[in-house]
Every structure is written in structure tokens, then in C-alpha cells.
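Novice:
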Amino acid sequence: MTHIAYSGNISPAVWLSFKGNKVPGAHASADDDYVYEIENECLFEWDIVFNTGSHVHHLTRRASRRNRYFSASLNTYRNPPVNASVLNEILDAQDSGTLSVTVTMKIWYHSFFRHILHEMRQTVTNENNLANPSDQAAVLGAFRRRSGGRYRYAREEQQLRDIPAMLSGFDIVPSGGSGPPGVKLYIYLKVKENLATADANNVTEYLVASDYSKVNKYGRYRANAWDASPPPARVPTIEVCLETWERNLWQYFLNYADLTRGRHLMNHIVGQGRTRHTRGGGQPEVVREVRNGIDQLLITANHWGQRREDRTTEAYQYQMSNIFGSIHQSRWRASPVRVIRKLDDMHTYNLNDHAAFILQVGCGHCGEHAAVSFAILCALHGGGMSALLGSIVKSGNANIDHAFVVGGLRPREIIETTIRSSRNSSGSVGDAIDVWNLRDALTDAGAGTDGYVCDPYLDPSQIAQTARALLASLNSARRRSRHKDTDFLWYGDVFPATPALSRTAVASVRNV
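Last residue of the sequence shown: number 512 in the numbering used here, and the count goes up by one each step with no gaps.
(1) Could you name each continuous alpha helix (DSSP H) segment of 4 residues or more that falls completely within the segment 349-404, going from the start of the chain to the end?
(2) Where does His58 fall in DSSP's three states?
(3) Report yes or no: do the segment 238-256 and the segment 33-51 share at least 3 C-beta pairs separated by less than 8 angstroms?
(4) Would you mind giving the Cβ-Cβ distance between Arg161 and Arg152, rounded to the nearest angstrom? I have them listed as a contact below 8 angstroms.
(5) Buried or exposed: Glu193, going by 16 or more other Cβ atoms within 10 Å of its Cβ?
(6) Looking only at its own chain, which residues have a Cβ that is under 8 angstroms from the Cβ of Asn128, when we skip the five neighbours before and after it?
(7) Between which residues of its own chain and Tyr186 is the CB-CB distance below 6 angstroms, once the five residues before and five after are set aside?
(8) Measuring only the C-alpha atoms, how far is Trp108 from Ala209?
(9) Roughly how far, in whole angstroms, is the beta-carbon of Asn556 from the beta-carbon of Lys22, given that I think they are within contact range, below 8 angstroms?
(10) Which same chain residues, not among the five before or five after Val427, have their C-beta less than 7 angstroms away from its C-beta?
(11) Please classify Val173: is it buried, with 16 or more other beta-carbons within 10 angstroms of its beta-carbon, or exposed?
(12) Kindly indicate the opening and closing residues of the beta strand (DSSP E) around Glu523.
(13) Just the Cα atoms here: how many angstroms apart are Asn437 and Phe488?
(14) State the CB to CB distance for the pair Glu368 and Val406, rounded to an integer number of angstroms; the pair is presumed to be in contact (CB under 8 angstroms).
(15) Please report the residue range of the alpha helix (DSSP H) in which Arg155 lies.
(16) With a Cβ-Cβ cutoff of 9 angstroms, do Gly149 and Asn322 count as a contact?
(17) Suppose contacts are defined by Cβ-Cβ distances below 9 angstroms. Is Leu359 in contact with Leu298 by that definition?
(18) Report yes or no: do the segment 382-392 and the segment 281-297 share at least 3 C-beta pairs separated by less than 8 angstroms?
(19) Should Ala257 go down as buried or exposed, given a rule of 16 or more other Cβ atoms within 10 Å for buried?
(20) Give a yes or no on whether the C-beta atoms belonging to Gly492 and Ala398 are separated by under 9 angstroms.
(21) Excluding the five sequence neighbours on either side, which residues of its own chain have a C-beta within less than 7 angstroms of the C-beta of Arg468, listed in chain order?
(22) With respect to the alpha helix (DSSP H) encompassing Leu117, which residues constitute its N-terminal and C-terminal limits?
(23) Does the Cβ of Val56 have 16 or more other Cβ atoms within 10 Å, making it buried, or fewer, making it exposed?
(24) Taking buried to mean at least 16 other C-beta atoms within 10 Å of its own C-beta, is Ala477 buried or exposed?
(25) Exposed or buried, which one is Pro231 when buried takes at least 16 other CB atoms within 10 Å?
(26) Thinking just about the alpha-carbon of each residue, which of Pro164, Lys19, Asn216 is nearest to the one in Asn201?
(27) State the CB to CB distance for the pair Val191 and Val183, rounded to an integer number of angstroms; the pair is presumed to be in contact (CB under 8 angstroms).
(28) Is the beta carbon of His365 sitting closer than 9 angstroms to the one on Thr300?
(29) Got a sec, what are the start and stop residues for the alpha helix (DSSP H) Asn216 sits in?
(30) For Ser229, collect the residues of the same chain with a Cβ closer than 8 angstroms to its Cβ; drop the 5 residues on either side in sequence, then sort them by chain order.
(31) Report the residue from Asn267, Leu87, Pro411, Thr312 whose alpha carbon sits nearest the alpha carbon of Asn126.
(32) Assuming Thr104 contacts Gln159 (C-beta within less than 8 angstroms), just tell me the rounded distance between them.
(33) Considering Cα atoms alone, identify which of Pro12, Glu413, Leu43 is closest to Asn88.
(34) Alpha carbon to alpha carbon, how far is Asp211 from Ala356?
(35) Do you know whose CA, among Tyr316, Gly177, Ile415, His115, lies nearest Leu501's CA?
(36) Where do the N-terminal and C-terminal ends of the beta strand (DSSP E) with Arg478 fall, by residue?
This is the structure in C-alpha cells:
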């Protein structure tokens, strides 16, 4: 059968796709039937081998700046021209069931983003993650700081050899004239189906690393123009590309973040707290042990005007914090924290799974540090330390965008109010916010109770370590001069949940 009634050369459009694996400890929503679409010019060379049973044909492509061999209108690859008779033989073999296909390709990516993916997908039971990798030098060698806080990333290339594939479909579009018809070939790489698990995982990592590198280059905007509702009147071409790259990236994190291993990291920190208690540590010592354990396994992934990672004693995390701060400011869509939050919005993570996911990724803003602190202190509370730790409140400043945990006392009530101060950096005027009165809680706890603060995000010198000292700092002369003095903290959650806290609605509270 002659599929193409044309005798000249044709440059076919080629779509590539594949499926990857998911780790056994992945989130319940992980999907190893997700189809990764490869639409990325980091794939610059291929040799697609078609064995028809009687002949072997090669479609070869080597892109360059001069010859991209990529269709912007179709958002996919083009192969250099090949004679229509070759394409007809390939399509005839497909019809008869005698066609076999393999693909060899070359891709490039920035190795820093591959390190993020690789550390996140670890399943070995140890205490390594991106904040505490087995090879710090390799991660730090993947980037170099330039002037003005910019970064240059090291480039790596990979050749992926002889990947079994199949021609999953084709389209032929008549030209409407005397020119060549449009030919579209759909190639499915049998990565999940035919490669050994380790090889399939590596291939997936390399291909998604190339997408991640592109997200970092082009993901400058804080919002997804392609994900807007209602759709924007005009979606830039790069947004069409970003949709594919970002969806692939999110699915990789969902499929390869081993929450079982993340819970091992949690239990490691819980164990540190228990050990400190059995060795005679009281409330301050146990909380400090937990704070330090979290600090070792989480990088502060944004810039902040207070001291966080120490340049000398935490040299690796200090450099990582700086590069993630730069990404947060200029390439937010490439930040791992954005991926964590996006997946948390899209799927249901319980308290411990959310903390495990954050630890498996190994970085976060103050909100992620507070979430992990809350989960671990709750685990210690439920494991025999209820009298020592008392109530635990996921909290933070009510008029500054900073989260932490307060414990050893219980809110009197939850106050539902609205942001009224234009100086409030935690939200906008008119936003709803839940707060609680720290002064009232300390009064209810009694004069002998100071409570505690757990904040692994900031250096301990930057925040009060007790709730009583925190109240004093909330009403300091410096805060008064800025009209930010207040007795109120943001309220997120409390453990134990019973007895339930009452709720009171008020129009406004002081300096919130």
C-alpha cells in the first residue's frame, strides 16, 4: 500500500514520548502510566533505526543553531529530508507488523538540576539528601557564582543508546498543491516497558533534567500563563513549551519522591530528640536538638534579611541557599519549593507525608521548615513526650511573612480577622487571617511557663527561643517604631486537636 503519493524528499515531523517508573514509596497519586512528552531542543541529535524486515533505514538528525530542525508551530522536532519511498516502506512494515524501532539520542542539560532530581529520588536508607549529599563537591561544582548574584551552570551531555521503541502512529496531511505532504511520525520509547529499572530511572532523570534546565532558563514569571483561568487571550509560544516541561517535572517529583524514605529522615530526627531526652535533656534541649536536626537536612531556599545558614560552619548549605535564593527571585518556576507547593495544592498530603516529601527534596522556605518542625514535634508528643512538650502550635508572625512553631502553651481561642495594616508583609489589606493572642496564652499557662519556639529556618541568634521572650520581641521598641508591635501570631494548626479551640470573629487586631 502506498501511503504517500509523492516521489520526492520529505522532512517529517517527529513526536517522542515515553513512560517512566514510580518508586514503591511514592504518594498514592503517583502515576507510572503518565506519558512524558519530549518537546525540548536539548535533544540535539538522534538516530532512529527502522528495521522493516527487509531493509534497515535510519532517520538521523543533528541540530545546530543554524539548522534547528524544530517546528515552532507544531512544537516538535523535524527530521532532515528523507525520500518518500523510505517513509512508505516504514509505514508499510508498520501495517504488516514487521517493523522494529530503536532510538539513540544525545541530549544536554545543566547538571545542577540533575543533582536535584537525583538526590530527591534516592531510596537507600541513609541520612543523605540535597542538604546533606554524599558528594558535596559534585553538587557545588555544577554551578559558579558570577557578578550581580547571577549563576553559570555546568553543562553535561548524555548519549542514550539503543532504546527500544515503536511507531505508535502517523499522520499524512496533503499539501493541497504540488509540494510534499506533511508527514507526522509518533515514536514511543519503551523506557518503562523494556529497560531495566535502574536504566529506565536514569533515562527518565536525564530527560527530565533537560526539561528542568529549560524551565530555569525561561520560567521567569511567577504565574503560569498556560495554567490561567480563564485562559489568557494570547499565550506566548514559550508558555506552550513550559506547560510540557513543567508537567513533566511535577510528575517526576510525584513519581520519584520516596515518602517512605522521607519518613525515615523524619524518624532520624525524632530519634535524635528522644536520645537527648533520655540523656537528661529537658524541654529546651529536646526542642533545640530537633531544630538542629532539621537544619542539617533542609536548605533555606530563599533570600531573607536575617542570618540563616552560616558561611563558615555550614559552608555547603550557605552556597546552596544563595543559589536557591537567586532562583526564587528570578526563576521562581524552577524552584523546588514551588514544585513542593504545587503538588501539595494538586494532591492530598497528610501531615507526615508532607513533611517526608519536604525532607526528601531537602530544601524549603520558612513555611516548609515550620511544617517539618510541627510534624516531628507532634511525633515526639505522641511518642511519650506529651508532658514535656505540651501543646504545639504551627504558627508565625501575623504581620511579617515568617512561619515557625510555638509550643508549651495553648491558644485561648482562634481569632478570625482581616489584615488592615498596609505594613503587613504576610498578605494584602483585606485578606482573611487566623491569629491567636500570645500574651493571653502565656497568662493562661502561668508565670512558671515560658514555652518554646522551634525555628530551624533562622539562625538561633535571630529569633527568641522561648514564647515569653518572643512576646517581648514582638513588642520591642524597634517594632513599635515601625508600627508592627503586636501580641498576635498567625495561627495554622494545633496539636493535640482536642479540646477544640473556640473561634471568634473580630474586625481587626492591633497592627495586623
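Here a beta-carbon is modelled for each residue, glycine too, at the ideal position from N, C-alpha and C.
Specialist: In brief:
(1) 351-361, 366-380, 386-389, all fully within the segment 349-404.
(2) Note: His58 maps to strand in three-state DSSP.
(3) Verdict: yes, contact present.
(4) Beta-carbon to beta-carbon, Arg161 and Arg152 are separated by about 29 angstroms, too far to satisfy the 8 angstroms threshold.
(5) Glu193 should be labelled exposed.
(6) Counting only Cβ-Cβ distances below 8 angstroms, and skipping sequence neighbours, we find Glu119, Gln122, Ser134.
(7) Hits under 6 angstroms: Trp15, Ser168, Gly169.
(8) Their backbone Cα atoms lie some 9 angstroms apart in a straight line.
(9) Outside the shown range of the chain (1 to 512) lies residue 556, about which nothing can therefore be said.
(10) Note on identity: in this sequence residue 427 is Gly, with Val being the wrong assignment. For Gly427, the CB contacts under 7 angstroms within the same chain, skipping 5 residues up- and downstream, are Ile419, Ile433 in chain order.
(11) The residue is exposed, with fewer than 16 neighbouring Cβ atoms inside 10 Å.
(12) The displayed coordinates of the chain run from 1 to 512. Any statement about residue 523 would go beyond what the structure contains.
(13) The straight-line gap from Cα to Cα measures roughly 5 angstroms.
(14) Their Cβ separation, rounded to whole angstroms, is 17 angstroms, which puts Glu368 and Val406 out of contact at 8 angstroms.
(15) Annotation for Arg155: no alpha helix (DSSP H) segment contains it, though the beta strand (DSSP E) segment containing it runs 155-173.
(16) Yes.
(17) Their beta carbons are under 9 angstroms apart, which means Leu359 touches Leu298 by this criterion.
(18) Cβ pair count under 8 angstroms is three or more, so yes.
(19) Buried, by the Cβ-count rule.
(20) Judged by beta-carbon spacing, Ala398 lies beyond the 9 angstroms limit of Gly492, meaning their Cβ atoms are not closer than that value.
(21) Once the five neighbours on either side are set aside, the close Cβ partners of Arg468 are Leu442, Asp450, Gly451.
(22) Annotation for Leu117: the continuous alpha helix (DSSP H) segment containing it runs 111-120.
(23) By the Cβ neighbour-count rule, Val56 is exposed, with fewer than 16 other Cβ atoms within 10 Å of its own.
(24) By the Cβ-count criterion, Ala477 is exposed, with fewer than 16 other Cβ atoms from all chains shown falling within 10 Å of its own Cβ.
(25) Below a pLDDT of 50, predicted positions are generally treated as unreliable, and Pro231, at 48, falls in that range; no measurement from the model is reported.
(26) Ranking the options by Cα distance to Asn201, first place goes to Lys19.
(27) At roughly 25 angstroms, the Cβ-Cβ gap does not stay under 8 angstroms, so Val191 and Val183 are not in contact.
(28) The Cβ atoms of His365 and Thr300 lie closer than 9 angstroms to each other.
(29) Asn216: member of the alpha helix (DSSP H) spanning 197-218, first to last residue.
(30) A caution first: Ser229 carries a pLDDT of 46, below 50, which makes its placement in the model unreliable, though a value can still be read off. No residues qualify anywhere along the chain.
(31) Among Asn267, Leu87, Pro411, Thr312, the Cα nearest to that of Asn126 is on Asn267.
(32) Contact holds; Cβ gap of about 7 angstroms.
(33) Of all alpha-carbon atoms in Pro12, Glu413, Leu43, the one lying nearest the alpha-carbon of Asn88 is that of Pro12.
(34) Asp211 and Ala356: Cα-Cα distance of roughly 25 angstroms.
(35) Here the closest residue by C-alpha is Ile415.
(36) In the DSSP assignment, Arg478 falls outside any beta strand (DSSP E) and lies within the alpha helix (DSSP H) extending over 477-481.
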